[in-house]
Amino acid sequence: MTLNLQARIPTGPLPQKWDKHRFEMKLVSPANKRKYTVVVVGSGLAGGAASATMSELGYNVKCFCFQDSPRRAHSIAAQGGINAAKNYRNDGDSVYRLFYDTVKGGDFRSREANVYRLAELSVNIIDQCVAQGVPFAREYGGLLANRSFGGAQVSRTFYARGQTGQQLLLGAYQALERQIAAGGVKMYPRTEMLDLVVIDGQARGIIARDLVTGAIEAHVADAVVLASGGYGNVFFLSTNAQGSNATAIWRAYKRGAAFANPCFTQIHPTCIPVHGEYQSKLTLMSESLRNDGRVWVPKQKGDKRDPRQIPEADRDYYLERKYPSFGNLAPRDIASRAAKEVCDEGRGVGETGFGVYLDFADAIKRLGKSVIEDRYGNLFDMYERITNENPYEVPMRIYPAVHYTMGGLWVDYNLMSTVNGLHVTGEANFSDHGANRLGASALMQGLADGYFIIPSTIGDYLATRKPAKVDTTHAAFRDALAGVAERTKRFLAIEGKRTVASFHRELGKIMWEYCGMSRNEAGLKIALTKIPELRAEFWRNVNIPGSDAELNQALEKAGRVADFLELAELMCIDALHRTESCGAHFREESQTPDGEALRDDDHFAYVAAWEYAGEGKPPILNREPLVFENVPLSQRSYK
Amino acid sequence: MNLTLHVWRQAGPDAPGKMVIYEATGVSPEMSFLEMLDVVNEGLTERGEVPIAFDHDCREGICGSCSLMINGVAHGPMRGTATCQLHMRSFKDGDTIYIEPWRARAFRVIKDLAVDRSPLDRIIQAGGFITAPTGSAQDANNILVAKESVDDAMDAAACIGCGACVAACPNASASLFTAAKITHLGLLPQGQSERYRRALKMVQQMELEEFGSCTLHGECQEACPKEISIDTITRMNRDFLRASLLGTRP
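Top line first, the protein sequences correspond to chains A and B.
Residue numbers for the first sequence follow my numbering, beginning at 103 and rising by one.
Residue numbers for the second sequence follow my numbering, beginning at 9 and rising by one.
Right under this line is the structure:
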């Protein structure tokens, strides 16, 4: 351990920590805020909300996104909803219960104080979004509607049809556009961060490439916020957008930011199964479908009958059987593993045998087709468009797919990484979901970080550190610029035989096979020999046509895949070192007699924060012990 | 199946463009349209040619990046479907497919099939928001919104900002895009205080960006992947007219 991981959790009772901390943090006076520039990388919920809010406060903000508009960030694809402890249903919810559910759902690998703050802020998020005009679903009386979501026994999820992420993102985007018009935010669309600049131990800016002209430019800042999302695309096939990438956080890692729990990746149970080699992505079907859909497979291996012809007696509703109190609403990691298990037994459905049924026949009988249409209409349409099957008539076929990464850059309570001034928000950080994220919690975290946490904590950093003036003529900027330019030229000079996508696909297969839904020592060791080999071949044999002075999508992708080829190795190293099972990280060597994840709290109740040690050197493990003062450590049970 | 593609190739904004013919072979009906293009691009790359540039990201019909004119129809033949969700089962063996970028004066071609849609962002900047700085909100349930209002608002808010409406319009008008936002916000109680100013400023910006005027052809609602109704344009015109008549200050 060489890093001093100071989580900076405020003292005092849990419910008062954030309030107390907000009072204790130093403020930047209104007249001085405009003297500070904050670079924000990413324009999704975490980055868009942070940019808009910091600009409202008076800071100069530069916001970067690789898409052609900030409205396209992948937060937009979130379907089901956003949790908040409003207790509008009077069903026993509270801030404490949301906190408790999230700590437990994360299988005790998150930080209590952060999670409590998240639960507290959840109520403000809903207020804020409604004020912006987010069209959340309503009851006939005009009050907000709710639904329940996996891993919870209360109804606390707010939603806008199956497009909650889109509507929340448009709310943040509109606030952001308002600030762009007001001059507080300078937006850089179609621009990708390719390096972080650190001077005297402080993050002082970024190097970014204009994806249209190819120009590589330096941007100076007093603080940097990375809100660049998760790294699920390391698996090639995932529910992430094609452009989602790890480059910003990976470059920051190589500049000194510790990477926490990289192996914690969420496999979402309800996605449309894989159908062919050419496939470019997997499509999620919202988890909310599990509220009314029943998951089953045939009891007999190889039962190829039309699902509608299979009588009740020959069906195994395995989630309801194994987890009677949560049933189809079991948390994602558990539901995914259960699906894998029945498919591995040979009872999977569909052509490939890697699928299970999600059946709405009972719900349609009980509630009528129109109610189901109202709740899930757009999802059913989407399913039909992709599969050419009508889910009102035939049960859906679903299978787990990579969806979200709980791991990310390590941050303290102020969301600052191990590099001073480098803050990380949303999916890009590791903080709140532990080893498994509950449904409808990602939107909540992105917005809590973006609207409420970062705008407060960034002021404390700026007021206490008072960054000195630097400009792009500083040697650190010049070196970083030259490094990025050199790397770009290197890609184009390889002129090998294989496409970028072929390497990406091969990497994805390795990761899915050995570092996917279940992992074991032997497999991870195989992955750790295969990945460096593939990486070496990439740098020898990749073919990137075109030049660096134009829109060159193959070049963009090459940079991202090159980083995935490094990150994948770190993920496997982390998965190998954590010999316990916890949440989504299932080590076959560590399970209960009935096949559930078995934690090893004596040895692994910590955050694994990996530190870059230099090219070709193994990363250094730093540990932040996790202390549970409020939710006693216990074996998670959803039975 | 095997297809013949005629694809618009243009090296840069100021370079001349032309249609180039490619053969797409071994296309599976299960492929999405963009996956078919991926396969074509893989082939081009292997032959050392520059692959076709096109915008795409989520590939699940929600981000609004994809933007292809397919056989003269924005997003292709399937109603209510963005290009990324169009599957090759909508075509048959031996088909010839023409693929072009969005065509509109306001949308400059960046390369091949990718265009610059930043004018749409500037229309939002002009007023497509409700002013609610972070922290200033009251309890969410203090604002009652009738279910019908929120349902209608949501229908309009479903806009993904892809620009198909502009591409489909003979006048290259952005009226459906602009009207969808004016309708979404104007139907909600939170959006009332800025309602007329919003309509005025957004419509003015639309004109500044050199989009054409709406003459109610209705092509936009046919092309819209979210099937947003042209009724929103009526509402926009009403709000704009009222703002003009009342001398609302921009």
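Even for Gly, the Cβ is constructed at its ideal location relative to N, Cα and C.
Quick caveat, the model's predicted, so the values are computed rather than measured.
Gly194 of chain B to Cys231 of chain A, Cα distance in whole Å? 16 Å
Taking 7 Å as the CB-CB cut-off, is Lys234 of chain B touching chain A? no
Closer than 8 Å between beta carbons: that is the criterion. Which residues of the region 191 to 215 of chain A meet it against chain E? Here the protein chains are A and B, and chain E is not one of them.
Ignore the nearest five residues each way along the sequence and tell me which others in Ser692 of chain A's own chain have a CB closer than 7 Å to its CB. Thr681, Glu682, Ser683, Leu700 and Asp702
Show which residues of chain A have a CB atom less than 8 Å away from the CB atom of Arg206 of chain B. Within 8 Å Cβ-Cβ: nothing; Arg206 of chain B doesn't reach chain A, min ~11 Å.
I want to verify the contact list: residues of chain A whose CB lies under 7 Å from the CB of Val47 of chain B, in sequence order. Tyr380
Could you name the residues of the region 644 to 660 of chain A whose beta carbon sits closer than 7 Å to any beta carbon of chain B, in the order they occur along the chain? Asn645, Pro647, Gly648, Glu652, Leu653, Gln655 and Ala656
With 7 Å as the threshold, decide whether the Cβ of Asp229 of chain A is near any Cβ in chain B. yes
His535 of chain A at chain B interface by Cβ criterion, 7 Å: no
Within the same chain, show all residues whose beta-carbon is closer than 7 Å to that of Ala262 of chain A, passing over the 5 residues directly before and after it, in chain order. Val236, Pro237, Phe238, Ala239 and Gln269
Count Cβ pairs between the region 646 to 653 of chain A and the region 615 to 622 of chain A that sit closer than 8 Å; are there 3 or more? no
State the DSSP-derived secondary structure class of Thr453 of chain A, mapped to helix, strand or coil. At residue 453 of chain A the sequence reads Glu, which differs from the Thr that was named. Coil at Glu453 of chain A, not helix or strand.
Within 7 Å, strictly: CB atoms of Thr341 of chain A and Ala544 of chain A: no
Do three or more CB pairs link the region 326 to 333 of chain A to the region 380 to 399 of chain A at distances below 8 Å? no
Please report how far the alpha carbon of Asp408 of chain A lies from the alpha carbon of Glu453 of chain A, in whole angstroms. 12 Å
Under a CB-based cut-off of 7 Å, is Ser73 of chain B close to chain A? yes
Is Thr367 of chain A helix, strand or coil by DSSP? strand
Sequence-distant residues of the same chain with beta carbon closer than 7 Å to Gly429 of chain A, five excluded per side: Leu421 and Glu422
Is Tyr425 of chain A near the ligand GTP, judged by its Cβ being under 6 Å from some heavy atom? With respect to the ligand GTP, the structure shown offers nothing to examine, as it has no ligands at all.
In chain order, what residues of the region 60 to 88 of chain B put their CB closer than 7 Å to some CB of chain A? Ala61, Asp63, His64, Asp65, Cys66, Arg67, Glu68, Gly69, Ile70, Cys71, Gly72 and Ser73
Taking 8 Å as the threshold, find out whether the region 304 to 315 of chain A comes into contact with the region 180 to 197 of chain A through three or more Cβ pairs. no
Is His535 of chain A helix, strand or coil by DSSP? coil
Got a sec? Which residues, its chain only, sit under 8 Å from Ser40 of chain B by beta carbon, not counting five neighbours each side? Arg67, Cys92, Gln93, Leu94, His95 and Met96
Can you have a look at Thr242 of chain B and say buried or exposed, based on whether 16 or more other CB atoms are within 10 angstroms of its CB? exposed
Does the region 128 to 138 of chain B touch the region 279 to 288 of chain A, meaning 3 or more C-beta pairs lie closer than 8 Å? yes
Kindly say whether Pro141 of chain B, judged by its beta-carbon, lies nearer than 7 Å to any beta-carbon of chain A. yes
Determine which residues share a DSSP beta bridge with Arg417 of chain A and list them. A:Pro400
Beta carbons nearer than 7 Å to chain A: which residues of the region 147 to 158 of chain B have them? Asp147, Ala148, Asn149, Ile151, Leu152, Val153, Ala154, Lys155 and Val158
Are the region 569 to 584 of chain A and the region 294 to 301 of chain A touching by the rule of at least three beta carbon pairs closer than 8 Å? yes
Since Asn430 of chain A is in the beta strand (DSSP E), which residue starts that stretch and which ends it? It is not in any beta strand (DSSP E) - Asn430 of chain A carries neither H nor E in the DSSP assignment.
List the endpoints of the continuous alpha helix (DSSP H) containing Pro727 of chain A. That residue, Pro727 of chain A, is in no alpha helix (DSSP H); its beta strand (DSSP E) goes Ile722 to Pro727.
Does Thr507 of chain A have its Cβ less than 7 Å from a Cβ in chain B? no
Would you say Val58 of chain B reaches chain A, if we count a Cβ-Cβ gap shorter than 7 Å as a contact? yes
Span separating the alpha-carbon of Gly716 of chain A from that of Asn724 of chain A: 16 Å
Which residues mark the beginning and the end of the alpha helix (DSSP H) in which Met508 of chain A is found? From DSSP, Met508 of chain A is part of no alpha helix (DSSP H); its letter is neither H nor E.
Evaluate Pro433 of chain A with the Cβ neighbour count: other Cβ atoms within 10 Å of its Cβ, from every protein chain shown; 16 or more gives buried, anything less gives exposed. buried
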